[in-house]
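Engineer: Numbering-wise, the sequence shown is residues 1 to 468 according to UniProt numbering.
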Amino acid sequence: MQIVPIIMAGGAGTRLWPVSRDSFPKQFIPLFDDGLSPFQATIRRISGEMFGRPIIVTNNDFRFICAEQLAAMGIDGEIVLEPERRDSAPAVAVGALLAERRAEDAVCLVLASDHAVTDEPGFLEAVTRAAAVAATGRIMTLGIIPDHPATGYGYIRPGPALESGAHVLDRFVEKPDRATAEAYLAEGYVWNSGNFLFSPAVMIGELRHFAPKILEAARAALVAAQRDLDFLRLDPEAFAASPTLSIDYAVMEKTALGGVLPAEFGWSDIGSWDSIHAIKSQDEDGNVLDGPAVALDTHGSLVHSDGILTTVLGLDDVVVVTTQDAVLVTSKDKAPEVKSLVGKLRAEGRSEAGEHLRIHRPWGWYQRIDIGPRFQVKHICVKPGGTLSLQRHYHRAEHWVVVHGTAEVTVDDTIKIYHENEAAYLPIGCVHRMRNPGKIDLKIIEVQVGSYTGEDDIVRIEDVYARN
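In structure tokens, the structure reads:
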């Protein structure tokens, strides 16, 4: 029996703002002590012999991030691009249809890319047992045995016993208040982890019965899908016909085939900063200090800095997060409400709500240093072998100063190599490109001068990454 992982990697993770934003969400950020992102940690968990090639369902904006982080782990995967977000049911439908093409007797394992697991052997043992039950025709979910009355998770009531320690899935319940959560613990309820196992044929059959429009749209989007470099791009028109629905509402709350395996493997959905505090290494005062951070007379707190020295004095049970363009200060018990704060920022038109100061591209990244009337200054990093698009601007000239590495610069019909402390001038309207031909990162300071310096003043003539 082959287990085919289907990884959901298209979410935004706004509860971990300001570190997690739409342009670079939490699943791709190195949040763990070992330096891995949650996506990479998820990929590592399903890299053993019992698993087949993973199917990663994400969106267009994250395609190169997914590919880069997969490559860093030395793992090959099928990256499927959703034209737009339609919640988890269409993604599961696409994954099940792709898995069925590979092997009719496969078992699919649906995982979120932004969860944490501290006991990987325990996770694999639970997956093995649940997969055996799924192979008999059940749609299994891994239910986490609670260690406290959490109000931020959905719960599942296990029913009659099945084989391998599993149970019939008797009932899903929404996030409870504390008193209800305490009652659920006493009655043997488990947390809904959102991890599912099923044979493709069974899931496809249940989708056909309970959510035919979702299955129809997924099938049509796959039939008309196009290959784009190493990605499988679902057809936009066909996919847009799918209703927006989670797999819980579409199938799991309706099917008579549901099963649950109660398990313990150190699971967390890392849905908010207080959950990050719970899973990371703490000092003798119960503090988690990430980056240049100092705490004095402070207890049970998380202090995270992406580069700016951040100090906390005389506070307990707080979360303080600093980035170069935003600061978050909250009590730990209010940390799950950060999503509402981000909603307020969006309503006020604040770009910081969804955009990072550092913008990632398939060739590397750029970050604004300064901007003013008729000028903008950026720090640009091009990874080895990275190539910017061949382009021109109608409203600005640019100066590229190399501060690290080697740049190959094309200006109209001229190609020239520039080394550290050398500069290239790109006049308005010239056709230009930069490439890193070296073995180390190329870093430059770009100075733009002109009447308009917006990103939409880029006429892309040719691009090795097939961007428009």
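Virtual Cβ for every residue (Gly too), placed ideally from N, Cα, C.
#1: Span of the alpha helix (DSSP H) holding Q40?
#2: What does the alpha-carbon distance come out to for the pair A116 and R374?
#3: Going by alpha carbons, who is nearest to A135 out of D317, H404, L162?
#4: In whole angstroms, what separates the C-alpha of H304 from that of F196?
#5: Would you please state the rounded distance, in angstroms, between the beta carbons of F39 and S113? I believe it to be under 8 Å.
#6: With a threshold of 16 other CB atoms inside 10 Å of the CB of K26, please say whether the residue is buried or exposed.
#7: Which whole runs of the alpha helix (DSSP H) in the region 221-267 are 4 residues long or more, in chain order?
#8: Could you have a look at L215 and say whether DSSP puts it in helix, strand or coil?
#9: Do you know offhand how far K443's Cα is from T58's?
#10: Is the beta carbon of M8 closer than 9 Å to that of V127?
#11: Can you tell me where the alpha helix (DSSP H) with E398 in it begins and where it stops?
#12: Please name the residue in K344, I46, A71, G354 whose C-alpha comes closest to that of F24.
#13: Give the single residue among K339, V382, G343 whose Cα lies nearest to the Cα of I359.
#14: CB V449 to CB R433, shorter than 9 Å?
#15: Enumerate in chain order the residues of its own chain whose CB-to-CB distance from G438 is below 8 Å, with the five nearest sequence positions on each side excluded.
#16: Label T151 either buried or exposed according to how many other C-beta atoms from any shown protein chain fall within 10 Å of its C-beta, with 16 as the threshold for buried.
#17: So A466 packs on D228, CB below 8 Å; how close in whole Å?
#18: Taking L302 as the reference, which of W363, L289, T311 has the closest Cα?
#19: Just grab the DSSP bridge partners of Q282 for me.
#20: Using CA atoms only, rank isn't needed, just tell me which of P83, L111, P149 is closest to I46.
#21: For Y184, which of helix, strand or coil comes out of DSSP?
#22: CB-CB under 7 Å to P236, same chain, minus the five flanking residues each way: which ones, in chain order?
#23: Of the residues Q391, E422, E120, which one's Cα is nearest the Cα of D412?
#24: If you scan the region 92-158 from start to end, which runs of the alpha helix (DSSP H) of 4 or more residues do you find wholly inside it?
#25: Can you have a look at G1 and say buried or exposed, based on whether 16 or more other CB atoms are within 10 angstroms of its CB?
#26: Tell me the rounded alpha-carbon separation between L345 and K339.
Structural biologist: A quick look at the data gives this:
#1: Taken as a continuous stretch (DSSP letters only), the alpha helix (DSSP H) holding Q40 covers 38-45.
#2: For A116 and R374, the distance between alpha carbons rounds to 46 Å.
#3: L162
#4: 33 Å
#5: 4 Å
#6: It is buried - the Cβ of K26 has at least 16 other Cβ atoms within 10 Å.
#7: Unbroken alpha helix (DSSP H) stretches of 4 residues or longer found wholly inside the region 221-267: 236-240, given in chain order.
#8: helix
#9: 29 Å
#10: no
#11: That residue, E398, is in no alpha helix (DSSP H); its beta strand (DSSP E) goes 396-404.
#12: G354
#13: V382
#14: no
#15: P384, G405, T406
#16: exposed
#17: 6 Å
#18: L289
#19: According to DSSP, Q282 bridges with nothing at all.
#20: L111
#21: helix
#22: So the list reads P83, once near-sequence residues are dropped.
#23: Q391
#24: 120-134
#25: A quick correction: the sequence has Met, not Gly, at residue 1. Burial call: exposed.
#26: 10 Å
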